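So the number in my numbering is just where the residue sits in the sequence shown, counting from 1, plus 100.
Cβ atoms here follow ideal geometry from the backbone N, Cα and C, with glycine treated the same way.
Computed from a predicted model, the values in this text were never measured in an experiment.
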Amino acid sequence: MNGDRRTLDSWWRAVVVTVVAVGVTAALAGSQAAAEQASALETAVRSDAEATVKAFNAADATALANAFLEAGELVDEDGNVYAGRAEIAGLFKKFFARFPQAVMEMEVSGARPIGEVLAVEEGVRRITADAGAAAAQMRYVAVRMKQGDRWPVVSYREFADDPLPTPPEMLAAVEWLVGDWVDESDEGRTTISYRWSEDGNFIIGEYNMTIGGKSVGKSTQRIGWDPVESELRSWTFDSDGGFAEGEWAADGAGWIIKSEATTPNGSTGSATVTITPKDKDHFVVESTDRIVGGAPEPDFKLVVARRPPAPAATK
């Protein structure tokens, strides 16, 4: 009996090992087949992308339409649907008639099979309509269907994907501040110098206030673009330890800045500051709604003038 049990155990272990081995072999075979399918799909898609770019840059509307199934569709970024090769070809013919010098670049970011006959492709394409013009960038998603060795497009849809504006582009509206300025009011004299930061992402201001020729305070300000709030912001740090933050909004004539400040003794303040260019050499600063430590402060208005360059040293 014990011998029979040992024989049975040996047989069962052999069966388990065989089943596991067969399962692993099948899984490996399936994995290998899936990898081969994905590789073949990627090769086909990238080849089609190259052919698409070549056809577009040759203004070949028929070749572009033939990349679709006969009943395929193209949906542009505005949601307009062009169904069938004839409509798609007509769309490209009109485009090339209007922009005969248009060129395209295309990047395939990925392609994945869905079952055995469908696949989804994603990527970015950039079209420059005229020589020297900025490129319009679009994201696209294409559904493809396998037909023999080809994967023609069933449905192609575009989505606007223009790159976000850069900080220097957004700061261009206040670039007129760059330079040297001076305010000579009854309270004292303040010299102001604005410059671009070395990285070009900020405009930096340096303030130096003097009374009777003696320095009584300095401040440093950074103006930058906040991509989260989609607005210009400024951060100001005073030599006495105080600091302030401002939110800038264009009002047509100039800028309205909502400022929140903290003084060295820990009290807070707020104000509405308006900066309005008067001409290329002057701008007007008005401060209203001033509150410091919970108490109202008087408004003020001053004119800031551009400082002329220092005279050249005589020899």
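- Limits of the unbroken beta strand (DSSP E) element including Lys318: Boundaries of the beta strand (DSSP E) around Lys318: Lys314 to Asp326.
- Message: Helix, strand or coil for Arg407? Go by DSSP, reduced to three states.
- Response: Collapsing the DSSP output to three states places Arg407 in coil.
- Boundaries (first-last residue) of the beta strand (DSSP E) holding Arg198: Note, Arg198: premise wrong, no beta strand (DSSP E); alpha helix (DSSP H) at Gly184 to Arg198.
- Which runs of the beta strand (DSSP E), 3 residues or longer, sit entirely within the region 245-300? If we require 3 residues or more, the beta strand (DSSP E) runs fully inside the region 245-300 come out as 253-260, 279-285 and 288-296.
- Query: Just how far apart, CA to CA, sit Tyr182 and Asn157?
  - Reply: Their Cα atoms are separated by approximately 21 angstroms.
- Task: Under 8 angstroms by Cβ, that's how I've got Val384 and Lys401 pegged, so tell me the actual separation to the nearest angstrom.
- Result: Between Val384 and Lys401, the beta carbon gap of about 7 angstroms places them in contact (Cβ cut-off 8 angstroms).
- Could you tell me the distance, in whole angstroms, from the CA atom of Trp276 to the CA atom of Ser359? Those two C-alpha atoms are separated by around 21 angstroms.
- Query: So, helix, strand or coil for Asn308, using DSSP?
  - Reply: Strand.
- Query: Would Arg198 be called buried (16 or more neighbouring beta carbons within 10 Å of its own) or exposed?
  - Reply: Arg198 comes out exposed.
- Message: To the nearest angstrom, how far is the alpha carbon of Glu150 from that of Ala167?
- Response: Roughly 12 angstroms separates the two Cα atoms.
- Message: In this structure, how does DSSP classify Asp379 when only helix, strand and coil are distinguished?
- Response: It is a strand residue.
- Message: Taking a contact to mean a Cβ-Cβ separation below 8 angstroms, would you say Val253 touches Leu164 in this structure?
- Response: For Val253 and Leu164, no; Cβs fall outside 8 angstroms.
- Evaluate Arg212 with the Cβ neighbour count: other Cβ atoms within 10 Å of its Cβ, from every protein chain shown; 16 or more gives buried, anything less gives exposed. With fewer than 16 other CB atoms across the displayed protein chains lying within 10 angstroms of its CB, Arg212 is exposed.
- Residue range of the alpha helix (DSSP H) that includes Ala165: Per DSSP, Ala165 is one residue of the alpha helix (DSSP H) stretching across Ala161 to Ala165.
- Residues in its own chain within less than 6 angstroms of Asp340 by CB, not counting five upstream and five downstream? Hits under 6 angstroms: Pro364.
- Query: What first and last residue would you give for the beta strand (DSSP E) that runs through Phe69?
  - Reply: An answer regarding residue 69 cannot be provided, because it is not within the stretch 101 to 415 covered by the chain.
- Task: Would you mind giving the Cβ-Cβ distance between Arg250 and Ala144, rounded to the nearest angstrom? I have them listed as a contact below 8 angstroms.
- Result: In this structure Arg250 is in contact with Ala144, their Cβ atoms being roughly 7 angstroms apart against a cut-off of 8 angstroms.
- Task: Can you say whether Asn180 is buried or exposed, counting buried as having 16 or more other CB atoms within 10 angstroms of its CB?
- Result: With fewer than 16 Cβ atoms within 10 Å of its Cβ, Asn180 is classed as exposed.
- Query: Would you call Ala162 buried or exposed, if buried means 16 or more other Cβ atoms sit within 10 Å of its Cβ?
  - Reply: According to the sequence shown, residue 162 is Thr rather than Ala. By the Cβ neighbour-count rule, Thr162 is exposed, with fewer than 16 other Cβ atoms within 10 Å of its own.
- Item | Cα-Cα separation between Gly305 and Ile214, rounded to whole angstroms | Approximately 57 angstroms between the Cα atoms of the pair.
- According to DSSP, which residues form a beta bridge with Glu386? DSSP links Glu386 through a beta bridge to Thr374 and Lys401.
- Could you give the distance in angstroms between the alpha-carbon of Thr336 and the alpha-carbon of Thr291? So the alpha carbons of these two residues sit roughly 16 angstroms apart.
- Query: Leaving out five residues before and five after Val122 in sequence, what residues of the same chain have Cβ atoms less than 7 angstroms from its Cβ?
  - Reply: Bear in mind that the predicted position of Val122 carries a pLDDT of just 44, short of 50, making it too unreliable to give a figure here.
- DSSP state of Gly130, grouped into three classes? For Gly130, the predicted model reports a pLDDT of 46, less than 50, meaning its position is unreliable; a value from the coordinates is still stated below. Assignment of Gly130 by DSSP, reduced to helix, strand and coil, places it in the helix class.
- Task: Would you mind giving the Cβ-Cβ distance between Ala405 and Ser387, rounded to the nearest angstrom? I have them listed as a contact below 8 angstroms.
- Result: At roughly 18 angstroms, the Cβ-Cβ gap does not stay under 8 angstroms, so Ala405 and Ser387 are not in contact.
- Buried or exposed: where does Glu221 fall if 16 or more other Cβ atoms within 10 Å of its Cβ makes it buried? Under this definition Glu221 is a buried residue.
- In the DSSP assignment, what are the bridge partners of Glu360? Glu345 and Ser370.
- Task: Give the straight-line distance between the Cα atoms of Pro327 and Ile375, rounded to the nearest whole angstrom.
- Result: Cα-Cα distance, rounded: 22 angstroms.
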